[in-house]
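Here the working numbering is used: the first residue of the sequence shown is 151, the next is one more, and so on.
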Amino acid sequence: MTEFTDEPDGYRGPAHITVEGHAPVIVDVELSGNFEPISGRFVWRGRVRELTRALGAETEVTAGTELTIATPEGSGVARVSGLDLWGSHMVDGVTRPPFPVMEDTEGLL
């Protein structure tokens, strides 16, 4: 089931995914993020569902592949870190996240 969330630290729902050299596809994503006090920065990660099906089985998306994730709230670049047990692509954010984050009052984000 697709659902939008109003939480300031994540997004769940449909997103446009662009992998270099391929037309954008729309799939469901689950993204979340948080401020990491040790590193002093906001980090985000998530899961991209059904990407292989949407791009076609002949398209290989492996660990290290960068993709752009665009939601109704914005867009961001993530890097594939691997596959989960169900074949979803796990991603780690590279740029600012494609969803609203907490207000940055101290210039940390």
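Even glycine gets a Cβ: it sits at the ideal position worked out from N, Cα and C.
- request: For Thr209, name the three-state secondary structure that DSSP assigns.
  value: coil
- request: Can you grab the Cα-Cα spacing for the pair Glu210 / Glu170, in whole Å?
  value: 12 Å
- prompt: In its own chain, which residues sit with a C-beta less than 7 Å from the C-beta of Glu186, not counting the 5 before and 5 after it?
  reply: Val193
message: Taking the beta carbon of Ala207 as the centre, do at least 16 other beta carbons fall within 10 Å, making it buried, or is it exposed?
response: exposed
- prompt: So what's Leu259 in DSSP terms, helix, strand or just coil?
  reply: Low local confidence applies: a pLDDT of 48 at Leu259 is under 50, so the model's placement there is unreliable, with the coordinate-based value given in what follows. In this structure, Leu259 counts as coil in the three-state DSSP scheme.
field: Assigned exposure category for Ala173 - 16 Cβ within 10 Å defines buried
entry: exposed
field: 8 Å Cβ cutoff met for Leu201 and Ile176
entry: no
- request: In the DSSP assignment, find the unbroken beta strand (DSSP E) run with Val251 in it and report its ends.
  value: Where Val251 is concerned, there is no enclosing beta strand (DSSP E), given that its DSSP letter is neither H nor E.
task: Starting from Ile188, follow the beta strand (DSSP E) in both directions and report where the run begins and ends.
output: Where Ile188 is concerned, there is no enclosing beta strand (DSSP E), given that its DSSP letter is neither H nor E.
task: Along the beta strand (DSSP E) that carries Arg229, what are the first and last residues, could you check?
output: Gly224 to Leu233
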